[in-house]
Each structure stands twice: as C-alpha cells, then as structure tokens.
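Colleague: The sequence shown begins at 33 in the working numbering and counts up one residue at a time. For each residue, glycine too, the CB sits at the ideal point set by N, CA and C. Once you've had a glance at the structure underneath, I'll fire off some questions.
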Amino acid sequence: MPTSDSEDDIPSSSNQKETEGTKILLADPKTAIIRLSLPMMIAMTLMTLYNVVDAFWVAGLGADALAAVGFSFPLFIITIGLASGLGTGGEAALARMIGARDRAGASSVAMHTLILMTVLAVVVTIPLFFFAHDIFILMGAGNAAGLATEYARILFLGTFALLFGEVAYALMHGEGDAKRTMYAMALGAVANIVLDPILIYSLDMGIAGAAWATIIAEVIAAVPMVYWLFVKKDTYISLRFREFSPDAVIARNVLQVGLPAAAEQLAFALTALALNGIIILIANTDGVAVYSVGWRVVSIGLTPILAISSAVVAVTGATYGARAYARMEAAFRFAAKLGLGIGLGLAAVTFILAPQIAGLFTVGDAAGITPELTTYLQITSLVYPVVGFGLFSASLFQGTGLGTRSLTITVLQSVVLSILFAWIFAAVLGLGLSGIWWGVAAGNAIGAALGYVWARRYSAGLQVRQVGAVAA
C-alpha cells in the first residue's frame with residue numbers, strides 16, 4: 033500500500049509498465065469515469081439489446097416459451113452472477129494495486145481470480161444441470177417446466193465460456209482497458225443477435241436454438257480475450273501460471289469483495305424467485321412472462337447507469353489504493369450527477385413510449401400481455417433517476433474493499449424492501465399485479481437513497497481522518 037497521506041501525491045515508478053488504460057485510470061477522476069463508462073455503455077447496450085431481441089424472437093414461440101425463459105432466468109443469474117461477483121472482486125483488488133503502482137500484485141490478483149473462476153465453473157454448474165427440472169417444478173413452472181429445463185441445460189453446457197467472459201471483462205476493465213473490453217462484449221452481442229433467428233426459426237430449433245445462440249456467441253467473444261491476455265500479452269497484468277504462487281492475502285483481497293458481490297447476484301436471483309412466486313399467487317404464468325420480458329426491456333434503460341457503476345468500481349479502487357480520497361469523493365459525486373441526468377432522460381422516453389415498446393415484444397400468441405407490460409414499463413421507469421445512487425454507492429464500497437457494505441445495500445434494496453413492498457401493495461392493499469411493480473419501484477428508490485447517504489458519510493470520514501493524520 034502507498035504511504036503518502038496527500039491525495040495528490042500518487043506514487044509513481046519509472047520501471048513500472050504503463051498502458052493507455054492505466055493512464056486513464058489514474059487521470060482526473062471525472063475524465064476517468066467518462067472514458068471508462070462510454071465504451072461500456074456501447075457494449076452493454078448491445079448486450080441488453082441482444083436480450084431484448086432474444087425476447088422478441090422467443091415471443092414468437094408463444095407465452096409458454098416466454099415463461100420458460102422467465103423461470104430459467106433466476107438460475108442463469110445464479111450461475112453467471114457468481115462469476116460476475118468474482119470478476120468484480122478481481123477488478124476492485126486489481127484497481128487498488130494499480131493505484132498503489134504494484135504491477136506484480138495486480139498480476140497475482142488476476143491469476144488468483146482466473147483460478148477461482150475455474151473452480152467455480154466445476155462446482156456450481158454440475159448440480160444445476162442435473163437438478164434443473166426438479167428446481168423448476170418446485171418453482172411452480174407447471175407446463176413450462178419441460179421447456180425451461182431444455183433451455184437451461186443447454187446454457188449450463190457452456191458455463192466455462194460464460195464465466196471466463198465475465199471474469200476477463202472485469203479484469204481488463206479493472207486496468208482501464210475499456211475499449212478492448214467493449215470490442216469483445218460487442219462481438220459476442222452481435223453474434224448472438226445474428227444467430228438467434230437462424231437457430232430458432234431457420235433451423236427450427238425453437239427455444240433450444242436461443243440457448244445455443246447464447247453459448248456460441250460467448251465462445252466467439254472469449255476468443256479475442258484469450259488472445260490479448262495469453263498470446264499478445266500487452267496488458268498491464270502479466271499472466272504466467274508457471275510462476276504462480278498461491279497467496280492467502282491476495283485470495284482474501286479478491287474474495288472479500290467477490291463473495292459479497294456474488295451474493296448480491298444471488299440476492300437478485302432470490303428477488304426474481306420471490307417475485308415470480310408472488311406473481312403466480314396474484315396472477316398467473318402470464319404475469320411471469322410480463323416480468324421476464326419487461327425486465328429485459330428495462331435493462332436497456334439501466335445500461336448507461338450500470339456502465340457508470342462499473343467505472344466507479346475501478347476509479348474508486350485506484351484512487352483508494354493511492355489514498356487520494358478527495359479524488360475518490362469527486363469521482364463518486366460526479367457519477368451520481370451523471371446518473372441522475374441520464375436517468376431523467378431515459379425515464380421520460382420510456383414512460384411516453386411504453387405502449388409502442390410493449391407492442392414490439394408481444395407479437396403473436398403473446399399479444400395478450402401488452403397492456404400489463406405497458407404498465408410495468410411505465411411504473412419501473414419512474415425509478416431510473418434514482419437507481420444510480422444505490423448502484424454507485426455499492427460500487428464505491430466494492431472499490432474500497434468493503435464488499436459486505438455493498439451487499440448490505442443490495443439486500444436491503446432488492447430483497448427486503450422490494451419484496452416487502454411488492455407483497456404489501458399487491459396483496460394487502462389489493463392492487464394486484466400492478467401493485468407488485470409499484471412495490472418493487474418503491475423498495476428500490478428508498479434503498480438507493482439510504483445507500484447513497486451511507487456512502488457519502490464513509491467517503492467524508494476517510495478525508496477527515498486523512499487531514500487529521502497530516503495535521504498530526
């Protein structure tokens with residue numbers, strides 16, 4: 033760790049390799065937020081567009097197919113969410129090492145993260161593959177259980193490619209290499225968009241075609257990542273597994289953020305499972321289809337905010353590693369203002385165009401859910417302006433190595449408040465299916481506000497202690 037107490041005295045060393053990415057990461061924090069966010073906005077927009085396009089093509093197979101994807105969604109979140117959480121832990125630890133100008137430590141972080149990812153791929157996906165059908169029956173999938181099992185098991189066959197992509201994206205983004213991360217993510221998304229109609233309809237593979245399109249696209253996206261990391265070797269991190277030596281401290285640094293971050297993804301899955309259960313009690317499987325399609329559409333609105341959130345992890349990690357706490361605070365506040373402005377614009381567009389958007393994704397047999405999908409989109413869009421406050425607060429805690437605090441914000445926001453208010457609004461107040469959407473919106477808004485206050489107090493405390501140490 034660096035020893036300087038001055039926020040502007042960021043340590044440097046002439047014998048340390050610098051890349052364009054690390055220069056961006058250690059530049060002005062506002063500039064770094066923008067330059068790391070923009071490429072990710074493009075890539076993540078393409079990826080969420082793929083999700084929407086996938087829903088469009090699957091919708092043509094009928095409401096049962098949409099419901100099957102909806103029931104598979106929580107299991108898919110669990111699988112890829114664990115890798116995403118691990119990648120976040122690696123990204124945060126890597127950024128802190130870069131801030132401290134410790135390239136050997138950064139490389140060790142990357143290698144530990146990749147090895148942990150490999151173990152995860154083996155341990156987690158095997159039971160999910162074999163017990164998928166039983167899980168769907170317990171979830172109340174009914175007639176959709178067969179289709180859901182078919183779809184999910186194919187996805188689990190490609191688990192290693194899925195997990196490697198998530199971790200590799202995070203590591204390269206953690207060293208500020210947002211452009212090439214964007215290229216790989218965009219390549220996978222475009223491949224998926226192209227493959228979906230071919231496999232689903234041209235080759236008459238149905239819902240299985242949608243799953244195979246996802247797996248093939250993930251493999252395609254992984255190819256350039258493997259080339260950059262293991263063949264070209266022009267990244268800041270150096271991956272030499274022959275020289276790898278297990279280090280409990282490094283592993284702990286990764287896991288102290290990675291495990292809570294993975295648990296956050298599990299919390300999202302738990303929320304989806306609970307909401308599916310409430311929806312079935314209040315409405316029927318058509319309600320699950322509304323939630324499945326609606327969330328994919330909403331993901332487009334959240335994409336710019338999620339991209340900024342990812343940048344906040346890297347930038348706060350680097351500034352924290354350099355003990356530049358005032359710069360960390362500046363980056364956090366700038367991200368919050370940026371997220372608020374973007375959220376307001378997206379909310380207005382989504383609310384006004386909700387009927388037209390819903391109509392695009394409820395063709396054929398799914399046309400009956402158009403009115404309820406419109407309601408879902410309009411209610412959910414109201415949270416866009418404030419959702420960033422919670423996400424950025426969680427990201428700040430991840431960047432500084434306080435993964436448990438990030439998890440606390442997510443659990444409070446997504447699990448406790450959202451599910452509680454969804455049940456109260458839908459069942460107690462008798463608002464039905466729309467009450468679920470109102471409850472989720474209220475829970476997310478309140479949780480985001482509480483998280484933001486907590487993060488601001490923490491950041492201010494760091495600066496006060498630093499000033500006190502200098503004065504002493």
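Can you tell me where the alpha helix (DSSP H) with Ile456 in it begins and where it stops?
Modeller: Residue mapping note: residue 456 aligns to position 424 of the sequence shown, counting from 1. Looking at the DSSP string, Ile456 is not in any alpha helix (DSSP H), and its letter there is neither H nor E.
Colleague: Give me, in chain order, the residues of the same chain whose beta-carbon lies closer than 8 Å to that of Lys49; leave out the 5 immediate sequence neighbours on both sides.
Modeller: Against the sequence shown, residue 49 aligns to sequence position 17. Same-chain partners within the cutoff: Arg135, Tyr268.
Colleague: Taking the alpha-carbon positions, what's the Gly471 to Pro256 distance?
Modeller: Position 439 of the sequence shown, counting from 1, holds the residue named residue 471. Position 224 of the sequence shown, counting from 1, holds the residue named residue 256. The straight-line gap from Cα to Cα measures roughly 42 Å.
Colleague: Only counting the same chain, and skipping five residues up and downstream in sequence, which positions put a Cβ closer than 8 Å to that of Val286?
Modeller: Here residue 286 refers to the residue found at position 254 of the sequence shown. So the qualifying residues of the chain are Leu118, Gly121, Gly122, Ala125, Val141, His144, Thr145, Leu148.
Colleague: Buried or exposed: which applies to Ile230, given that a residue is buried once 16 or more other Cβ atoms fall within 10 Å of its Cβ?
Modeller: Translated into positions along the sequence shown, residue 230 becomes position 198. The residue is exposed, with fewer than 16 neighbouring Cβ atoms inside 10 Å.
Colleague: By the 10 Å Cβ neighbour count, where 16 or more other Cβ atoms means buried, how is Gly431 classified, buried or exposed?
Modeller: As a working mapping, residue 431 is identified with position 399 in the sequence shown. Classification for Gly431: buried.
Colleague: What is the DSSP secondary structure of Pro278, reduced to helix, strand or coil?
Modeller: Locating residue 278 in the sequence shown gives position 246, where the first residue counts as 1. Residue state, collapsed to three classes: coil.
Colleague: Roughly how many angstroms lie between the CA atoms of Thr436 and Gly92, to the nearest whole one?
Modeller: Your numbering for residue 436 matches position 404 in the sequence shown. Your numbering for residue 92 matches position 60 in the sequence shown. Thr436 and Gly92: Cα-Cα distance of roughly 42 Å.
Colleague: List the whole-angstrom C-beta distance separating Gly309 from Ala368, where the pair is believed to meet the contact cut-off of C-beta under 8 Å.
Modeller: Translated into the one-based positions of the sequence shown, residue 309 becomes position 277. Translated into the one-based positions of the sequence shown, residue 368 becomes position 336. Between Ala368 and Gly309 the Cβ distance is about 34 Å, and since that is not below 8 Å, they are no contact.
Colleague: I think Ala254 touches Phe188, with their Cβ atoms under 8 Å apart; what is that distance to the nearest whole Å?
Modeller: Counting from 1 along the sequence shown, the entry for residue 254 is found at position 222. Counting from 1 along the sequence shown, the entry for residue 188 is found at position 156. Incorrect: roughly 17 Å between the Cβ atoms, too far for contact.
Colleague: Could you spell out the range, first to last residue, of the alpha helix (DSSP H) harbouring Gly326?
Modeller: Along the sequence shown, read from residue 1 onward, the residue named residue 326 stands at position 294. Element bounds for Gly326: 317-353.
Colleague: Quick one: residues in its chain with C-beta nearer than 8 Å to the C-beta of Val84, no 5 flanking neighbours on either side, listed in chain order?
Modeller: What you label residue 84 is simply residue 52 of the sequence shown in a count that begins at 1. So the qualifying residues of the chain are Arg328, Val329, Ser331, Ile332, Phe393.
Colleague: So for Arg133, helix, strand or coil by DSSP?
Modeller: In the sequence shown, counting from the first residue as 1, residue 133 sits at position 101. DSSP places Arg133 in coil when its eight states are reduced to three.
Colleague: Output needed for Ile283: all residues of its chain with C-beta closer than 6 Å, excluding positions within five of it in sequence on either side, in chain order.
Modeller: For this step, residue 283 is matched to residue 251 along the sequence shown. Contrary to the premise, residue 283 reads as Ala rather than Ile in this sequence. So the qualifying residues of the chain are His144.
Colleague: Ala492: buried (16+ other C-beta within 10 angstroms of its C-beta) or exposed?
Modeller: Start at 1 with the first residue of the sequence shown, and residue 492 comes out as number 460. The residue in question, Ala492, is exposed, as its Cβ has fewer than 16 Cβ neighbours within 10 Å.
Colleague: Alpha carbon to alpha carbon, how far is Ser450 from Asn476?
Modeller: Here residue 450 refers to the residue found at position 418 when the sequence shown is read from its first residue. Here residue 476 refers to the residue found at position 444 when the sequence shown is read from its first residue. Those two C-alpha atoms are separated by around 6 Å.
Colleague: I believe Ala193 touches Ile109 by the beta-carbon criterion, under 8 Å. Please report the beta-carbon distance rounded to the nearest angstrom.
Modeller: As a first step, residue 193 must be located in the sequence shown, where it is residue number 161. As a first step, residue 109 must be located in the sequence shown, where it is residue number 77. With 8 Å as the limit, Ala193 and Ile109 do not qualify as a contact, their Cβ atoms being about 17 Å apart.
Colleague: In angstroms, rounded to a whole number, what distance separates the CA positions of Lys264 and Ala306?
Modeller: Residue mapping note: residue 264 aligns to position 232 of the sequence shown, counting from 1. Residue mapping note: residue 306 aligns to position 274 of the sequence shown, counting from 1. Cα-Cα distance, rounded: 46 Å.
Colleague: Grab me the residues of Ala245's own chain with a C-beta within less than 6 Å of its C-beta, minus the 5 sequence neighbours each way, in chain order.
Modeller: Numbered from 1 along the sequence shown, position 213 holds the residue referred to as residue 245. Once the five neighbours on either side are set aside, the close Cβ partners of Ala245 are Asn224, Leu227, Asp228, Leu231.
Colleague: With DSSP as the reference, label Tyr416 as helix, strand or coil.
Modeller: Looking up residue 416 in the sequence shown gives position 384. Helix.
Colleague: Does DSSP classify Glu207 as helix, strand or coil?
Modeller: As a first step, residue 207 is located in the sequence shown; it is residue number 175 there, counting from the start. Coil.
Colleague: Please check the pair Ser341 and Leu444, which I expect to be a contact at CB under 8 Å, by giving their CB distance rounded to whole angstroms.
Modeller: On the sequence shown, residue 341 is found 309 positions in, with the first residue counted as 1. On the sequence shown, residue 444 is found 412 positions in, with the first residue counted as 1. With 8 Å as the limit, Ser341 and Leu444 do not qualify as a contact, their Cβ atoms being about 17 Å apart.
Colleague: On the criterion of 16 or more Cβ atoms from any shown chain inside 10 Å, does Gly375 qualify as buried, or is it exposed?
Modeller: Locating residue 375 in the sequence shown gives position 343, where the first residue counts as 1. Answer is buried; the Cβ neighbour count reaches 16.
Colleague: Closer than 8 Å is the cut-off here; do at least three beta carbon pairs connect the region 208-221 with the region 177-188?
Modeller: No, the region 208-221 is not in contact with the region 177-188.
Colleague: Quick one, are the C-beta atoms of Pro159 and Met360 less than 9 Å apart?
Modeller: As a working note, residue 159 is residue 127 in the sequence shown. As a working note, residue 360 is residue 328 in the sequence shown. Not in contact: Pro159 and Met360 (Cβ atoms no closer than 9 Å).
Colleague: Assuming Ala240 contacts Leu68 (C-beta within less than 8 Å), just tell me the rounded distance between them.
Modeller: The sequence position of residue 240 within the sequence shown is 208, counting from 1. The sequence position of residue 68 within the sequence shown is 36, counting from 1. Wrong, their Cβ atoms sit about 37 Å apart, outside the cutoff.
Colleague: Alpha carbon to alpha carbon, what distance is there between Leu235 and Ala97?
Modeller: Within the sequence shown, residue 97 is the residue found at index 65, counting from 1. Within the sequence shown, residue 235 is the residue found at index 203, counting from 1. Their backbone Cα atoms lie some 17 Å apart in a straight line.
Colleague: Let's test the definition: count the other Cβ atoms within 10 Å of the Cβ of Asp209 and tell me whether it reaches 16, buried, or not, exposed.
Modeller: One-based indexing of the sequence shown puts residue 209 at position 177. So Asp209 ends up on the buried side.
Colleague: Nearest-angstrom Cα distance between Ala454 and Gly349?
Modeller: Residue numbering aside, residue 454 sits at position 422 when the sequence shown is read from its first letter. Residue numbering aside, residue 349 sits at position 317 when the sequence shown is read from its first letter. Cα to Cα, the separation comes out at about 35 Å.
Colleague: Within this structure, are the beta carbons of Leu372 and Ser413 separated by less than 9 Å?
Modeller: Reading the sequence shown from its first residue, position 340 is the one you call residue 372. Reading the sequence shown from its first residue, position 381 is the one you call residue 413. Their beta carbons are not under 9 Å apart, which means Leu372 does not touch Ser413 by this criterion.
Colleague: Please classify Ala356: does DSSP put it in a helix, a strand, or coil?
Modeller: As a first step, residue 356 must be located in the sequence shown, where it is residue number 324. Correct three-state label for Ala356: coil.
Colleague: Please state whether the Cβ-Cβ distance between Gly433 and Val251 is less than 9 Å.
Modeller: In the sequence shown, residue 433 corresponds to position 401, counting from 1. In the sequence shown, residue 251 corresponds to position 219, counting from 1. In this structure, Val251 does not lie closer than 9 Å to Gly433 by Cβ.
Colleague: When DSSP labels each residue in this structure, what does Arg497 get in the three-state scheme?
Modeller: For the purposes of this step, residue 497 is taken as the residue at position 465 of the sequence shown. It is helical.
Colleague: List the endpoints of the continuous alpha helix (DSSP H) containing Phe163.
Modeller: Against the sequence shown, residue 163 aligns to sequence position 131. It is not in any alpha helix (DSSP H) - Phe163 carries neither H nor E in the DSSP assignment.
Colleague: Where does Asp228 fall in DSSP's three states?
Modeller: Position 196 of the sequence shown, counting from 1, holds the residue named residue 228. Looking at Asp228 - three-state DSSP - the assignment turns out to be helix.
Colleague: Label Asp41 either buried or exposed according to how many other C-beta atoms from any shown protein chain fall within 10 Å of its C-beta, with 16 as the threshold for buried.
Modeller: Locating residue 41 in the sequence shown gives position 9, counting from the first residue. Low per-residue confidence applies at Asp41: pLDDT is 40, beneath 50, and the placement is therefore not dependable, though the value from the model is reported in the following sentence. By the neighbour-count rule (16 or more Cβ atoms within 10 Å), Asp41 is not buried but exposed.
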